[in-house]
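Asks: Before I ask anything, let me first share the structure, which is written out below as structure tokens.
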Amino acid sequence: MNNVNRTIESFTLKLALSLSIIITILAPSGYLLFSYQHLQSVLDAQAELRADAVSRLVSSNPTKWRFEELRLSEILERNSSDNVLEARRILDSDGETIASNNVTVPAPRISHIHFIYDAGFIVGRIEVSRTLIPMLQVAALLAIASLGLAAAVFSLFRTIPAKAIKKAYQALEESEKKYRLLYETMQEGMALHRVEYDVNGAFESLLIVDVNPACAAMFSGGAESIIGSDSLLIFGEAFKNALPELLHALEHKNTFSLELTLPGSDTIVAIRAFSPVQGMLATFIEDITSRKEHEKEQLKIEKLESLGVLAGGIAHDFNNVLTGIIGNISFAQMFLDAAHKSYRPLTEAEKASARARELVQQLMTFARGGEPVKKIVLLKQLVNETVSLVLSGSNVKANVDIPDSIHAIEADEGQMSQVFHNIIINAVQAMPGSGTVTVTAHNERLDDHNSMSLPRGEYVCLSFSDHGCGIPEEHLKKIFDPYFTTKLAGNGLGLASVHSIVTRHGGHIDVSSVVGKGTTFSIHLPSTGGTSLENQACAAVQTAGDHAGGSVLVMDDEEMIRNMTTKVLEHLGYQAATCENGAEAIARYKAALASGSPYSAVIMDLTIPGGMGGKEAAGKILALDPKACLIVSSGYSNDPIMSDYRSYGFAGAVAKPYKMSEFGQLLSSVLSKRLG
Numbered sequence: 040m041n042n043v044n045r046t047i048e049s050f051t052l053k054l055a056l057s058l059s060i061i062i063t064i065l066a067p068s069g070y071l072l073f074s075y076q077h078l079q080s081v082l083d084a085q086a087e088l089r090a091d092a093v094s095r096l097v098s099s100n101p102t103k104w105r106f107e108e109l110r111l112s113e114i115l116e117r118n119s120s121d122n123v124l125e126a127r128r129i130l131d132s133d134g135e136t137i138a139s140n141n142v143t144v145p146a147p148r149i150s151h152i153h154f155i156y157d158a159g160f161i162v163g164r165i166e167v168s169r170t171l172i173p174m175l176q177v178a179a180l181l182a183i184a185s186l187g188l189a190a191a192v193f194s195l196f197r198t199i200p201a202k203a204i205k206k207a208y209q210a211l212e213e214s215e216k217k218y219r220l221l222y223e224t225m226q227e228g229m230a231l232h233r234v235e236y237d238v239n240g241a242f243e244s245l246l247i248v249d250v251n252p253a254c255a256a257m258f259s260g261g262a263e264s265i266i267g268s269d270s271l272l273i274f275g276e277a278f279k280n281a282l283p284e285l286l287h288a289l290e291h292k293n294t295f296s297l298e299l300t301l302p303g304s305d306t307i308v309a310i311r312a313f314s315p316v317q318g319m320l321a322t323f324i325e326d327i328t329s330r331k332e333h334e335k336e337q338l339k340i341e342k343l344e345s346l347g348v349l350a351g352g353i354a355h356d357f358n359n360v361l362t363g364i365i366g367n368i369s370f371a372q373m374f375l376d377a378a379h380k381s382y383r384p385l386t387e388a389e390k391a392s393a394r395a396r397e398l399v400q401q402l403m404t405f406a407r408g409g410e411p412v413k414k415i416v417l418l419k420q421l422v423n424e425t426v427s428l429v430l431s432g433s434n435v436k437a438n439v440d441i442p443d444s445i446h447a448i449e450a451d452e453g454q455m456s457q458v459f460h461n462i463i464i465n466a467v468q469a470m471p472g473s474g475t476v477t478v479t480a481h482n483e484r485l486d487d488h489n490s491m492s493l494p495r496g497e498y499v500c501l502s503f504s505d506h507g508c509g510i511p512e513e514h515l516k517k518i519f520d521p522y523f524t525t526k527l528a529g530n531g532l533g534l535a536s537v538h539s540i541v542t543r544h545g546g547h548i549d550v551s552s553v554v555g556k557g558t559t560f561s562i563h564l565p566s567t568g569g570t571s572l573e574n575q576a577c578a579a580v581q582t583a584g585d586h587a588g589g590s591v592l593v594m595d596d597e598e599m600i601r602n603m604t605t606k607v608l609e610h611l612g613y614q615a616a617t618c619e620n621g622a623e624a625i626a627r628y629k630a631a632l633a634s635g636s637p638y639s640a641v642i643m644d645l646t647i648p649g650g651m652g653g654k655e656a657a658g659k660i661l662a663l664d665p666k667a668c669l670i671v672s673s674g675y676s677n678d679p680i681m682s683d684y685r686s687y688g689f690a691g692a693v694a695k696p697y698k699m700s701e702f703g704q705l706l707s708s709v710l711s712k713r714l715g
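Quick note on this note's numbering: the sequence shown kicks off at 40 and runs consecutively.
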């Protein structure tokens with residue numbers, strides 16, 4: 040700052056001094072020049088006027104004009120002024136004075152002559168003189184006044200411009216500091232590039248001349264590693280390919296944008312380029328890696344949602360078919376003892392149907408009916424139960440390290456069990472000989488800017504680690520895609536369903552793996568923020584009781600299910616009636632109620648394509664008979680009505696597909712409670 044002040048003071052001193060000198064010299068010098076020229080003009084006119092008069096006198100009297108003293112004196116006195124001291128003389132050709140006005144002017148003086156002619160020959164001359172003293176006196180006064188003015192100007196320009204320049208410089212310095220602070224602290228990266236040309240004026244390189252800290256942080260070597268380097272090398276092939284557009288932006292002062300991955304890293308950046316001054320290019324560089332990952336996650340979710348539309352319909356129809364298969368198998372087993380030669384094949388068929396039911400359950404995860412029906416769940420208990428079930432009979436051990444302080448979660452217990460089941464199965468398959476699956480959990484609070492793009496709040500982080508073969512890097516990005524599998528017997532739905540379930544629960548799943556060392560799945564799930572299970576309903580254990588017979592109405596759009604259910608009900612001692620939709624069920628119930636013999640129970644399919652389903656029909660039947668015993672059945676086992684059936688007026692619920700023994704126990708239990 041001191042150097043700047045000295046520079047400003049030196050400049051203003053020179054400026055003020057120069058102006059003062061100019062004013063001091065210019066005013067008197069200008070006056071002298073103008074006055075002298077004016078005086079010359081006046082004297083020339085005076086001399087010419089009198090020379091003409093004398094020339095006429097000479098013409099009239101060529102020989103004796105010298106002796107015309109009176110007339111010559113009269114010519115010299117013409118147009119005289121008492122205020123002006125002027126000497127006038129007439130001289131002959133020899134320079135002798137012939138006549139004068141007898142006036143003497145002091146030196147310094149100015150004189151002007153004009154010749155007298157006779158027939159074209161010079162016979163004499165007129166000389167007119169004036170003193171320069173008055174003019175010099177005025178010039179001296181002007182010089183004194185100019186000195187005073189110059190002193191005032193010197194003082195004025197010595198102070199006011201200096202203050203103005205200092206103020207302007209301080210404002211410029213403050214502005215530079217402000218924009219430098221903005222440049223240094225902005226989260227977005229910024230780089231300045233200078234265009235270099237060869238001797239022929241052709242483009243040669245685009246040198247990086249400066250970067251802000253945010254830009255430098257994107258490169259492992261910092262600012263020193265990139266300043267002075269060619270931008271085309273630093274930003275890679277994509278930047279080089281965009282060179283024509285960059286040069287166009289440089290030439291036409293417009294902007295150009297592109298996205299690229301920085302060489303040697305996974306960092307994805309969005310670059311906006313513009314030319315602030317001729318020959319310079321500025322680029323704003325934004326790290327959009329997280330945003331791109333989030334977009335990929337969203338795309339993956341949308342793909343799963345699209346699959347869900349198809350999977351929902353397939354799963355529902357398949358559950359209806361499985362209900363007929365499993366129901367008929369279990370019905371046939373009722374008439375056989377374990378020693379019968381048909382009993383074992385039927386048991387194997389039942390196991391195969393159970394496997395098919397699991398597959399349908401995975402499909403249901405993607406379906407609209409697969410939305411989680413949440414309740415408060417103790418994570419430690421659920422993990423221990425799933426681990427014990429999956430690892431039973433295998434050579435793989437478990438190391439579950441979940442503290443008692445772990446928070447509870449709100450989750451669909453069945454779906455979350457499926458998540459843990461599929462991950463542990465993958466771990467077992469990765470360690471075909473033996474090994475250990477390590478399960479850990481901890482509470483975690485996420486802020487608004489977490490890398491998983493999850494909402495701010497309390498979460499539980501659950502990790503499943505194995506020491507198996509690991510997953511190749513090229514497979515990691517596809518591992519949650521539907522139908523992606525590397526196993527010959529795999530269907531590609533296991534981890535896809537895991538991803539979908541976790542996402543539907545508002546969570547996030549990630550996987551890290553090293554080939555030959557093992558894999559870790561990390562799951563973040565929203566927690567309740569506490570460890571208690573307040574207001575958790577205890578699971579009711581249904582047991583089969585004695586039934587008192589009665590009539591049962593079965594409403595289902597599938598004829599196979601109606602026929603199978605009728606046979607089972609009749610075998611159990613009930614009278615069975617069937618119908619296809621809700622409207623028919625209402626009519627039948629109304630007629631039975633009017634006859635004084637209402638149905639003991641109505642089993643209602645929740646979804647009837649093209650007709651009234653169980654939910655609407657139940658409301659209308661309960662309006663007729665508030666004491667009606669209604670049981671809901673659906674292939675959408677995860678429909679909220681199935682888990683909260685009492686809120687919709689149902690006395691019980693059974694998910695398709697089901698065994699006849701399960702069906703019979705439920706019916707007996709519901710009727711026993713009603714009669715009890």
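The beta carbon of each residue, even a glycine, is placed where N, CA and C say it ideally should be.
#1: To the nearest angstrom, report how far apart Thr-542 and Ile-548 are at their CA atoms.
#2: Pull up the CB-CB distance for Leu-428 and Arg-396, whole angstroms please, since I reckon it's below 8 Å.
#3: Distance check for Asn-489 and Ala-321, CA to CA, integer angstroms please.
#4: So, helix, strand or coil for Asp-595, using DSSP?
#5: Evaluate the contact criterion for the region 637-657 versus the region 587-597: three or more CB pairs, one atom per stretch, below 8 Å.
#6: Got a sec, what are the start and stop residues for the alpha helix (DSSP H) Leu-171 sits in?
#7: Just to confirm, are Asp-505 and Ala-535 a CB contact at a threshold of 8 Å?
#8: Only counting the same chain, and skipping five residues up and downstream in sequence, which positions put a Cβ closer than 6 Å to that of Leu-181?
#9: Specify, as a first and last residue, the run of the beta strand (DSSP E) that Arg-311 falls within.
#10: What number of angstroms, rounded off, separates the C-alpha of Met-643 from the C-alpha of Ser-708?
#11: Once you ignore the five residues that flank Ala-734 on each side, which residues in its own chain have a CB closer than 7 Å to its CB?
#12: On the CB-based measure, 16 or more other CB atoms within 10 Å of its CB, does Tyr-697 come out buried or exposed?
#13: Measuring CA to CA, which of Tyr-684, Glu-619, Val-607 is closest to Gly-703?
#14: In chain order, which alpha helix (DSSP H) runs of at least 4 residues are fully inside the region 273-301?
#15: Express the C-alpha separation of Asn-461 and Asp-443 in angstroms, rounding to a whole number.
#16: Kindly indicate the opening and closing residues of the beta strand (DSSP E) around Cys-618.
#17: Counting Cβ pairs closer than 8 Å, one from the region 418-435 and one from the region 379-390, do we hit at least three?
#18: Have a look at Glu-323 and Ser-57 and give me their C-alpha separation to the nearest angstrom.
#19: Going along the chain, which residues of its own chain have a beta-carbon closer than 8 Å to the beta-carbon of Phe-295, five neighbours each way excluded?
#20: Quick one: what's got a C-beta closer than 6 Å to Gln-372's C-beta in the same chain, skipping five residues either side?
#21: Can you tell me whether Ala-656 is buried or exposed? The criterion is at least 16 other CB atoms within 10 Å of its CB, across all chains shown.
#22: Grab me the residues of Glu-108's own chain with a C-beta within less than 7 Å of its C-beta, minus the 5 sequence neighbours each way, in chain order.
#23: Put Tyr-638 into one of helix, strand or coil per three-state DSSP.
#24: Going by the CB atoms, is the gap between Arg-148 and Asn-140 shorter than 8 Å?
#25: Between the C-alpha atoms of Ile-600 and Asn-620, what's the straight-line distance to the nearest angstrom?
#26: Taking its Cβ as the centre, do 16 or more other Cβ atoms sit within 10 Å of Gly-267, making it buried, or is it exposed?
#27: What number of angstroms, rounded off, separates the C-alpha of His-544 from the C-alpha of Lys-339?
#28: Alpha carbon to alpha carbon, how far is Gln-85 from Ala-179?
#29: Quick one, are the C-beta atoms of Val-591 and Tyr-638 less than 8 Å apart?
#30: Would you list the residues sitting across from Met-229 in a DSSP beta bridge?
#31: Note down the Cα distance separating Gly-408 from Ser-345, rounded to an integer number of angstroms.
#32: If you reduce the DSSP assignment to three classes, tell me which class Phe-19 lands in.
#33: Is there contact between the region 207-222 and the region 71-79, where contact requires at least three CB pairs shorter than 8 Å?
#34: Below 8 Å, can you find three or more Cβ-Cβ pairs linking the region 213-227 to the region 182-197?
#35: How close, in whole Å, do the beta carbons of Ser-561 and Cys-500 come, if the pair is a contact with beta carbons under 8 Å?
#36: State yes or no: is the C-beta of Gly-691 within less than 8 Å of the C-beta of Tyr-684?
Replies: Checking against the coordinates, here is how it stands:
#1: Mapped onto the sequence shown, residue 542 falls at position 503. Mapped onto the sequence shown, residue 548 falls at position 509. So the alpha carbons of these two residues sit roughly 8 Å apart.
#2: Taking the sequence shown and counting its residues from 1, the one referred to as residue 428 is at position 389. Taking the sequence shown and counting its residues from 1, the one referred to as residue 396 is at position 357. About 16 Å; that fails the 8 Å criterion.
#3: Sequence index remark: in the sequence shown, residue 321 carries index 282 (1-based). Sequence index remark: in the sequence shown, residue 489 carries index 450 (1-based). Their backbone Cα atoms lie some 30 Å apart in a straight line.
#4: Mapped onto the sequence shown, residue 595 falls at position 556. In the structure shown, Asp-595 sits in coil (DSSP, three-state: anything other than H, G, I, E or B).
#5: Flag = yes, the region 637-657 and the region 587-597 touch.
#6: For the purposes of this step, residue 171 is taken as residue 132 along the sequence shown, with counting starting at 1. Here Leu-171 belongs to no alpha helix (DSSP H), and DSSP marks it neither H nor E.
#7: As a working mapping, residue 505 is identified with position 466 in the sequence shown. As a working mapping, residue 535 is identified with position 496 in the sequence shown. No, Cβ-Cβ distance for Asp-505 and Ala-535 is not below 8 Å.
#8: Residue mapping note: residue 181 aligns to position 142 of the sequence shown, counting from 1. Once the five neighbours on either side are set aside, the close Cβ partners of Leu-181 are Ala-66, Pro-67, Tyr-70.
#9: What you label residue 311 is simply residue 272 of the sequence shown in a count that begins at 1. First-last of the beta strand (DSSP E) with Arg-311: 307-313.
#10: In the sequence shown, residue 643 corresponds to position 604, counting from 1. In the sequence shown, residue 708 corresponds to position 669, counting from 1. Approximately 17 Å between the Cα atoms of the pair.
#11: The chain is shown only over 40 to 715; residue 734 falls outside these bounds and no answer can be derived.
#12: Working through the sequence shown from its first residue, we reach residue 697 at position 658. It counts as buried.
#13: The count along the sequence shown starts at 1 and reaches residue 703 at position 664. For Gly-703, the nearest C-alpha among the options comes from Val-607.
#14: 275-280, 282-291
#15: Taking the sequence shown and counting its residues from 1, one reaches residue 443 at position 404. Taking the sequence shown and counting its residues from 1, one reaches residue 461 at position 422. Between Asp-443 and Asn-461, the C-alpha separation is close to 24 Å.
#16: As a working mapping, residue 618 is identified with position 579 in the sequence shown. Unbroken beta strand (DSSP E) run through Cys-618: 614-618.
#17: no
#18: Counting from one through the sequence shown, the residue named residue 323 turns up at place 284. Counting from one through the sequence shown, the residue named residue 57 turns up at place 18. The identity of residue 323 in the sequence shown is Phe, whereas the question assumes Glu. A straight line joining the alpha-carbon of Phe-323 with that of Ser-57 spans about 48 Å.
#19: Start at 1 with the first residue of the sequence shown, and residue 295 comes out as number 256. Take Phe-295, set aside five residues on each side of it, and the residues of its chain with a beta-carbon closer than 8 Å to its own are Ala-281, Glu-284, Leu-285, His-287, Ala-288, Arg-311, Ala-312, Phe-313, in chain order.
#20: Locating residue 372 in the sequence shown gives position 333, where the first residue counts as 1. Here the set comprises Leu-385.
#21: As a working mapping, residue 656 is identified with position 617 in the sequence shown. So Ala-656 ends up on the buried side.
#22: Reading the sequence shown from its first residue, position 69 is the one you call residue 108. Counting only Cβ-Cβ distances below 7 Å, and skipping sequence neighbours, we find Ala-138.
#23: Reading the sequence shown from its first residue, position 599 is the one you call residue 638. Of the three classes helix, strand and coil, the one that applies to Tyr-638 here is coil, per DSSP.
#24: Position 101 of the sequence shown, counting from 1, holds the residue named residue 140. Position 109 of the sequence shown, counting from 1, holds the residue named residue 148. Between Asn-140 and Arg-148, the C-beta spacing is not below 8 Å.
#25: Residue numbering aside, residue 600 sits at position 561 when the sequence shown is read from its first letter. Residue numbering aside, residue 620 sits at position 581 when the sequence shown is read from its first letter. For the pair Ile-600 and Asn-620, the Cα-to-Cα distance works out to about 13 Å.
#26: Numbered from 1 along the sequence shown, position 228 holds the residue referred to as residue 267. That one is exposed.
#27: As a first step, residue 544 must be located in the sequence shown, where it is residue number 505. As a first step, residue 339 must be located in the sequence shown, where it is residue number 300. Straight through space, the alpha carbons of Lys-339 and His-544 are spaced by roughly 16 Å.
#28: Taking the sequence shown and counting its residues from 1, one reaches residue 85 at position 46. Taking the sequence shown and counting its residues from 1, one reaches residue 179 at position 140. Whole-angstrom Cα-Cα distance: 27 Å.
#29: Counting from one through the sequence shown, the residue named residue 591 turns up at place 552. Counting from one through the sequence shown, the residue named residue 638 turns up at place 599. For Val-591 and Tyr-638, yes; Cβs fall inside 8 Å.
#30: In the sequence shown, residue 229 corresponds to position 190, counting from 1. Phe-323.
#31: The sequence position of residue 408 within the sequence shown is 369, counting from 1. The sequence position of residue 345 within the sequence shown is 306, counting from 1. Confidence is the limiting factor: at Gly-408 the pLDDT is only 46, short of 50, which leaves the residue's position unreliable, though a coordinate-based value still follows. Answer to the nearest angstrom: the Cα atoms are 14 Å apart.
#32: No answer is possible for residue 19: the residues shown for the chain start at 40 and end at 715.
#33: no
#34: no
#35: Taking the first residue of the sequence shown as position 1, residue 561 is located at position 522. Taking the first residue of the sequence shown as position 1, residue 500 is located at position 461. Ser-561 to Cys-500, Cβ: 6 Å. Contact.
#36: By one-based count along the sequence shown, residue 691 stands at place 652. By one-based count along the sequence shown, residue 684 stands at place 645. Taking 8 Å as the Cβ cut-off, Gly-691 and Tyr-684 qualify as a contacting pair.
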